[in-house]
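Sequential numbering from 76 applies to the sequence shown in the working numbering.
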Amino acid sequence: RGFHTPAVRILAELAAAPHRAPPTAAAFLGSLATFVAESGGGQHDGADDDPDGASAFETNRSLRVAVVPTLYVAAKAHRGALAAHVALVAIACAQRLEAADFRSRLQGVFDAILAVESDHALRVVVDAAELVLEKADAKWAADVVTAAFVKALRPPTGKAKKNSRDPLYDVALRRLAESTTLDALLAKSSIANPKLKSACAESLVPAIGRIAVEEAHALPLRVLALKAMACTLERPSATPPDVLEKVITPALSKATRTVGGQPALAMCVLGCFDLLATRMPDKIARFVLPALTPMLDERALNLKQFDMVVARVETMLAKVVETRRKQMGSLNPAVGTKSTATVGTQQTFDYSKTLYDDDTQDDSWVSNDLRNVKVPELKPVPLAVPDSVGGDTDPFALGASLPPTSSSSFSNN
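As structure tokens, this is what we get:
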């Protein structure tokens with residue numbers, strides 16, 4: 076009788092799943108994911124108490140021995156048609172298995188799943204990235220999980236519609252905008268390659284920036300992308316200085332020009348500029364302000380939002396002025412301490428008097444050696460006239476033998 080219990084039958088069905096027709100196998104794997112997630116803990120006493128056969132998956136040993144090997148085969152079956160359903164079962168197993176079992180058994184299953192070109196499977200894995208990163212080996216996580224996010228954010232290929240991948244973008248950006256997922260990804264990358272720039276900085280940040288600036292995407296998606304960008308700006312390992320200059324600044328500059336009358340988008344861009352200015356205090360004048368000031372002309376902003384932009388610009392400009400004055404004062408205190416102009420005030424400054432009035436000239440920079448230099452008086456040099464002129468000492472007589480020109484300005488005056 077034991078060979079006909081629901082638990083035994085479901086194990087037999089699991090072994091045959093990779094060889095069933097895709098619709099039948101997909102339906103079974105969907106039910107299996109629920110069984111695995113809910114059956115842990117040994118709550119069944121016998122076959123009468125287990126009509127569905129869920130007791131077959133009560134122990135982690137049953138997952139290691141019976142479920143995981145079958146998932147690896149099923150992920151490759153039917154040219155990857157079952158990959159998304161296999162991913163659901165793999166995530167349910169990951170919730171129960173220890174990190175050691177995950178690394179020795181389940182990482183290979185996820186490799187097989189991610190090798191398939193399936194947006195649905197990719198979305199399942201990316202959505203559970205925090206769990207996967209918690210259990211995975213550092214090097215595997217740094218390489219495979221980062222690559223999964225980059226793959227999830229890539230533009231559609233072939234004949235696919237522009238917005239066909241928006242659901243996948245939404246899941247990936249939501250996870251990246253969460254500090255826990257991004258922190259775990261960066262931590263794994265740091266452990267695996269402590270001396271190398273993270274793949275997040277090289278590949279993931281540019282992918283986020285691309286979605287943030289593309290006007291074809293819906294407003295909520297672009298807002299999510301800017302939130303994810305802000306999350307990377309708060310983490311220097313994700314956005315080192317070269318990424319700030321070559322990726323983030325151009326992306327925000329373009330985002331400023333493509334706000335498209337959306338105040339919510341403008342405020343997200345402004346928040347990113349705040350973080351960028353904090354990260355690049357010595358390059359605000361060269362990179363940040365030129366990219367931010369066009370937002371002052373954004374007509375969709377209300378008065379309060381406009382004042383917020385003005386306040387950011389004035390604060391950044393004041394920071395630039397303060398920094399430059401300190402630099403110039405340290406180089407030449409005599410000159411650097413005399414300036415009285417201030418940012419944000421209406422002050423009249425007579426530049427012509429400062430430049431040309433002898434009473435206001437400060438010649439303290441002129442050394443005594445220069446003051447004592449005597450300039451020799453220049454004496455006129457007589458003009459040597461060729462002999463062929465015939466003794467005529469008038470230099471304009473030389474033009475008598477030349478052909479007339481089209482201009483008669485000399486003769487008319």
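Glycine residues also receive a C-beta, built at the ideal position from the N, C-alpha and C atoms.
Beta carbon of residue i nearer than 8 Å to that of residue j
i: residue 283; j: residue 303; result: yes
i: residue 339; j: residue 299; result: no
i: residue 250; j: residue 204; result: yes
i: residue 165; j: residue 188; result: yes
i: residue 185; j: residue 200; result: yes
i: residue 320; j: residue 348; result: no
i: residue 163; j: residue 104; result: yes
i: residue 100; j: residue 149; result: yes
i: residue 132; j: residue 111; result: yes
i: residue 279; j: residue 221; result: yes
i: residue 276; j: residue 219; result: no
i: residue 290; j: residue 346; result: no
Residue i classed as buried or exposed, judged by whether at least 16 other C-beta atoms fall within 10 angstroms
i: residue 263; result: buried
i: residue 373; result: buried
i: residue 352; result: buried
i: residue 314; result: buried
i: residue 82; result: buried
i: residue 405; result: exposed
i: residue 121; result: Residue placement at residue 121 is poorly supported in this model, since its pLDDT is 47, which falls under 50; the coordinates are not used for a value here.
i: residue 387; result: buried
i: residue 180; result: buried
i: residue 145; result: buried
i: residue 87; result: exposed
i: residue 114; result: buried
i: residue 96; result: exposed
i: residue 108; result: buried
i: residue 301; result: buried
i: residue 344; result: buried
i: residue 90; result: exposed
i: residue 273; result: buried
i: residue 271; result: exposed
i: residue 93; result: buried
Contacting residues, own chain, Cβ-Cβ under 7 Å from residue i (five flanking each side not counted)
i: residue 366; result: 324, 327, 328 and 331
i: residue 288; result: 326, 329, 330 and 333
i: residue 190; result: none
i: residue 168; result: 111, 138, 142, 143 and 181
i: residue 225; result: 278, 279 and 282
i: residue 193; result: 155, 158 and 159
i: residue 153; result: 97
i: residue 255; result: 205
i: residue 322; result: 280, 281 and 284
Cβ shell of residue i (< 8 Å), same chain only, five flanking positions each side left out
i: residue 241; result: 292, 293 and 296
i: residue 356; result: 394 and 398
Assigned secondary structure, residue i (DSSP; H/G/I helix, E/B strand, else coil)
i: residue 540; result: Residue 540 falls outside the range modelled here, since the chain spans only 76 to 488, and no answer is possible.
i: residue 95; result: coil
i: residue 390; result: helix
i: residue 193; result: coil
i: residue 237; result: coil
i: residue 397; result: helix
i: residue 377; result: coil
i: residue 423; result: With a pLDDT of 44 at residue 423, under the threshold of 50, the modelled position of this residue cannot be trusted, and the question is left open.
i: residue 179; result: helix
i: residue 428; result: Confidence in residue 428 is poor, its pLDDT being 45 and thus under 50, which makes the residue's placement too unreliable to answer from.
i: residue 212; result: coil
i: residue 113; result: helix
i: residue 159; result: helix
i: residue 458; result: Summary for residue 458: the model assigns pLDDT 47, below 50, so the residue's position carries little reliability, and this model does not support an answer.
i: residue 249; result: helix
i: residue 355; result: coil
i: residue 86; result: helix
i: residue 273; result: coil
i: residue 361; result: helix
i: residue 335; result: coil
i: residue 324; result: helix
Close Cβ partners of residue i (< 6 Å) along its chain, the five nearest in sequence each way excluded
i: residue 174; result: 210
i: residue 198; result: 243 and 246
i: residue 195; result: 159
i: residue 248; result: 299, 300 and 303
i: residue 202; result: 246
Whole-Å CB distance - residue i paired with residue j, under 8 Å assumed
i: residue 350; j: residue 308; result: 4 Å
i: residue 306; j: residue 371; result: In fact, because the Cβ distance is near 26 Å, the residues do not count as touching under 8 Å.
i: residue 383; j: residue 359; result: The Cβ separation is near 17 Å, so there is no contact.
i: residue 170; j: residue 212; result: Not quite, the Cβ-Cβ distance comes to about 18 Å (not below 8 Å), so this is no contact.
i: residue 312; j: residue 265; result: 7 Å
i: residue 228; j: residue 286; result: 7 Å
i: residue 310; j: residue 364; result: Wrong, their Cβ atoms sit about 24 Å apart, outside the cutoff.
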